[in-house]
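In UniProt numbering, the protein residues as written are 1 to 196.
Right, here's the structure in full:
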């Protein structure tokens, strides 16, 4: 069969670089040579001899790994409360001790108001002082992860919030050393999970 752009009766080269079919025959020959002794070796040799088969092998490994992982994951899920009531997010800010007052003023007078405008639900707030670290900790509630991400994006892009952060940084310096947020999943043995 002639190939467009090729010479007369030449066949298109296989992706492995040989004349079409040679690698297929070689793979079949290798598989036949070890058939019955170690099926795994036959499959392995067949896979390595053709450039398209590694994808199949990769997919087989992914499926096997997923199945192996899903059993422990399903077992681990028994520890989670079936009734999650949305998503809670714990936020922890390490604040500069010298700027404690300006930080709390900014959060109380500005951040909370702007967060409320963007649909944030603040459940509670705390301060933790271990001597080494002064942390501001608060808990948020969201209907779901997509809502959480969209509202955080809107809050951080809010022009008023950007201007307030810029102004307070110019007046008082850096107010927050580090900010972390983590989603929380209620456990099945939590008192809040008890349906009664």
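All C-beta atoms in this analysis are idealised placements derived from N, C-alpha and C, irrespective of residue type, glycine included.
Strand pairing of residue i, partner residues [DSSP]
{"i": "residue 179", "result": "93"}
{"i": "residue 125", "result": "138"}
{"i": "residue 80", "result": "187"}
{"i": "residue 88", "result": "141 and 184"}
Integer-rounded CB distance, given that residue j should sit under 8 Å from residue i
{"i": "residue 88", "j": "residue 140", "result": "7 Å"}
{"i": "residue 91", "j": "residue 120", "result": "Rounded, the Cβ-Cβ distance is 10 Å, inconsistent with contact."}
{"i": "residue 122", "j": "residue 112", "result": "7 Å"}
{"i": "residue 110", "j": "residue 164", "result": "5 Å"}
Own chain partners of residue i with C-beta closer than 8 Å, once the 5 adjacent residues on each side are dropped
{"i": "residue 190", "result": "81"}
{"i": "residue 143", "result": "86 and 87"}
Contacting residues, own chain, Cβ-Cβ under 6 Å from residue i (five flanking each side not counted)
{"i": "residue 158", "result": "114"}
{"i": "residue 180", "result": "92"}
{"i": "residue 193", "result": "81 and 186"}
Within 8 Å, strictly: CB atoms of residue i and residue j
{"i": "residue 79", "j": "residue 188", "result": "yes"}
{"i": "residue 177", "j": "residue 95", "result": "yes"}
{"i": "residue 168", "j": "residue 102", "result": "yes"}
{"i": "residue 149", "j": "residue 136", "result": "no"}
{"i": "residue 106", "j": "residue 175", "result": "yes"}
{"i": "residue 124", "j": "residue 138", "result": "yes"}
Residues of its chain near residue i, where Cβ-Cβ distance is below 7 Å and the 5 sequence neighbours each way are ignored
{"i": "residue 160", "result": "114"}
{"i": "residue 104", "result": "none"}
Residue i versus the options, residue with shortest Cα-Cα distance
{"i": "residue 99", "options": "170, 162 and 182", "result": "170"}
{"i": "residue 182", "options": "116, 162, 145 and 131", "result": "145"}
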